[in-house]
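Chemist:
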Amino acid sequence: PPLPELPPAPDYPCSYLTQADINTYLLPLYHRAWVVGSSEYSREVSGPPLPNASPELAKQFWFQQGNHEAALTFRREIQEIQSDEPLPTSPGRQPPMRPGITLRDVRLAMLIERAFERHLAHGVASAWSQNMQRTATRPLTEDDIEQRRLLHILTRNRPRCPICHKTTHVGRDCPDQRKKIPMTPCQHCGRMHWTWTCPTLTARSSAAAFVADSRK
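For the sequence shown, the numbering used here assigns the number 131 to the initial residue and increments by one for each residue that follows.
(1) Which residue wins for smallest C-alpha separation from Thr154, given the options Ser145, Ser184, Leu136 and Ala200?
(2) Would the beta-carbon of His295 fall within 9 Å of that of Pro312?
(3) Would you identify the three-state DSSP class for Phe204, choosing helix, strand or coil?
(4) Who are the Cβ neighbours of Gln212 in its own chain at under 8 Å, not counting the five residues just before and after it?
(5) If I measure Cβ to Cβ from Phe246 and keep anything under 8 Å in the same chain, skipping five residues before and after, which residues do I get?
(6) Once you ignore the five residues that flank Thr267 on each side, which residues in its own chain have a CB closer than 8 Å to its CB?
(7) Would you say Met240 and Ala163 are within 9 Å of each other, going by their C-beta atoms?
(8) Under 8 Å by Cβ, that's how I've got Ile275 and Ile242 pegged, so tell me the actual separation to the nearest angstrom.
(9) Considering only DSSP beta bridges, list what Val166 is partnered with.
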């Protein structure tokens, strides 16, 4: 779908996107490879965790090999767009930091996209930049956007399966545990099987249970 008309600059306070806004503005941006991520993933790796992560519109832009000057020009254009775009404020008040995507974010994304499309038309940018991303990064409802914001909280301290590296289950529940062997020997017996399947460990557990029962 074509990009819609640029939404008017929002007043203070700048509200989150409604479902109608998502349908009107985000869907065309999704078709141009824009995604919704969490600001937790764009921070410096060595930096401290963000106290309040927020969802953010993001996109990777690629240029044809040998067009370094065009890429630098586009970078300057982004800086100019950001500095020229008015920030919704109230006299004497600083706008509070709020974890959501607003019409101002959409305006910035659309202005940046229009600038990039000019480079595409001139043949210096790569059409690879326009390939639509996976469904998980394209939330279609307000609740889905909130889940993208909370993604880092839901996965930060969750243990990963040592077999498939997913955070949805632990190793003993992994459906692939019989298909793959570990890269290191079992720490209990030295054989090549997953630790929780070790017969030595099972025997020790049974013996411990027997001793505990005999002491009752």
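A virtual CB, placed ideally from N, CA and C, is assigned to each residue, including glycine.
Modeler: Result, derived from the coordinates:
(1) Leu136
(2) No. Outside cutoff.
(3) When secondary structure is reduced to three states using DSSP, Phe204 falls in the helix class.
(4) Same-chain partners within the cutoff: Leu238.
(5) Phe191, Phe204, Ala255 and Ser259
(6) Val165, Val166, Gly167 and Arg278
(7) no
(8) With a Cβ gap of about 19 Å, Ile275 and Ile242 do not count as contacting.
(9) Leu187
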